[in-house]
Amino acid sequence: MSETLIDIGLPPAFPDHTQLPESDGTFVKNFQEHPQSIILTDSIGPVLQRRHPDGRYCIGQDSGIYWRETEPPEKGAEAPDWFYAPNVSARPEQGKYRRSYVLWREHMAPLIALEFASGNGNEERDATPLLMTDAGEVQKPGKFWVYEQIIRIPYYGIYEMSNDRLEVYHLRDFAYHKLEPNQRGHYPIEPLEIELGLWQGSYQNQTQLWLRWWDIHGNLLLIGDERAELEKLRTEQEHQRAEQERQRAERAEQKAARLAERLLAMGIDPDADDSPDFGHP
Numbered sequence: 001m002s003e004t005l006i007d008i009g010l011p012p013a014f015p016d017h018t019q020l021p022e023s024d025g026t027f028v029k030n031f032q033e034h035p036q037s038i039i040l041t042d043s044i045g046p047v048l049q050r051r052h053p054d055g056r057y058c059i060g061q062d063s064g065i066y067w068r069e070t071e072p073p074e075k076g077a078e079a080p081d082w083f084y085a086p087n088v089s090a091r092p093e094q095g096k097y098r099r100s101y102v103l104w105r106e107h108m109a110p111l112i113a114l115e116f117a118s119g120n121g122n123e124e125r126d127a128t129p130l131l132m133t134d135a136g137e138v139q140k141p142g143k144f145w146v147y148e149q150i151i152r153i154p155y156y157g158i159y160e161m162s163n164d165r166l167e168v169y170h171l172r173d174f175a176y177h178k179l180e181p182n183q184r185g186h187y188p189i190e191p192l193e194i195e196l197g198l199w200q201g202s203y204q205n206q207t208q209l210w211l212r213w214w215d216i217h218g219n220l221l222l223i224g225d226e227r228a229e230l231e232k233l234r235t236e237q238e239h240q241r242a243e244q245e246r247q248r249a250e251r252a253e254q255k256a257a258r259l260a261e262r263l264l265a266m267g268i269d270p271d272a273d274d275s276p277d278f279g280h281p
């Protein structure tokens, strides 16, 4: 009796970021998203550099976070408009740039994700779970549900840009809880010792309310141009103080010279060591 050996091959390994699409082909929905992302990334840079002197952190801007393997692959990803992930490399492999964030490779959820809603925020608050319908089709899960139940991002912010409304959720006890703003109207992101809020101002030829960071003392975290302008003002102040000191010294020298002239006119040598003895011949 002969035996037949059946060759059972191993299933293919889960794909990494180089094997997954870096875009689902959708367009950015408004012209404010890109500068908004730049403001957040630029201003938080010094904070993250101090927290990660080894450079192990990653910021994604409209970049895919793959949380499940499916076909087509992009259906298994969500792309927050902005997110920060600690303790992972911005370049996962030597010489290669990061195409996406693959959860089953990194084993680390982002600490915070932000969505810039062009509409009323319903899409960003969609808590529809991943289910199989009666027709045997997979029901697309909502963004809120994926961030809360699968990726488990500790802080999730939704900024409705059309009506200047900001909501921030914090993951506690396996569920998102809506945070209340502090007395400054900001939302503390405690692990980073910073706050998130809205700031009225102009950036890249657009004046509006922008999402900005503050430190825990309420000081605005500046972008590069603002830091350069502040340094310029400080330099000008130092020059003004130096000029004022020079002018004070000059006035003191002139006053001393006039006094010396008066003493000489009285027959007194201002440079003499001994004081004159009046009234004693």
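With UniProt numbering as the guide, the letters of the sequence shown map in order to residues 1 to 281. The beta-carbon is built from N, C-alpha and C at its ideal position, and this holds for glycine as well.
Under DSSP, residue 210 takes part in a beta bridge, and its partners are 199. Under the three-state reduction of DSSP output, residue 117 falls in the strand class. One thing to note: residue 185 has its Cβ no nearer than 8 Å to the Cβ of residue 42.
Here DSSP, grouped into helix, strand and coil, assigns residue 267 to coil.
In the displayed model, residue 191 falls within a helix according to three-state DSSP. When 182, 164 and 157 are compared, the shortest CA-CA separation from residue 170 is found for 157. A residue is called buried when at least 16 other Cβ atoms come within 10 angstroms of its Cβ; residue 212 meets this threshold and is buried. According to the DSSP secondary-structure assignment, residue 177 is paired through a beta bridge with 170. Between the alpha carbons of residue 80 and residue 241 lies a gap of roughly 48 Å. Under the DSSP assignment, residue 45 falls in the alpha helix (DSSP H) whose first and last residues are 33 to 51. Residue 147 sits in a helix when the DSSP states are folded into three classes.
About 36 Å separates the Cβ atoms of residue 135 and residue 108, ruling out a contact at the 8 Å cut-off. In the three-state scheme derived from DSSP, where H, G and I count as helix and E and B as strand, residue 139 is classed as strand. Each of 231, 154, 105 and 103 was checked against the Cα of residue 114, and the nearest Cα belongs to 154.
Judged by DSSP secondary structure, residue 67 falls outside any beta strand (DSSP E); it is assigned neither H nor E. When DSSP states are grouped into helix, strand and coil, residue 127 belongs to the coil group. In the three-state reduction of the DSSP assignment, residue 215 falls in the strand class, which pools E and B. Cβ contact annotation for residue 30 (same chain, cutoff 6 Å, sequence separation greater than five): 118, in chain order.
In its chain, beyond the 5 residues on either side, 187 have a beta carbon closer than 7 Å to the beta carbon of residue 181.
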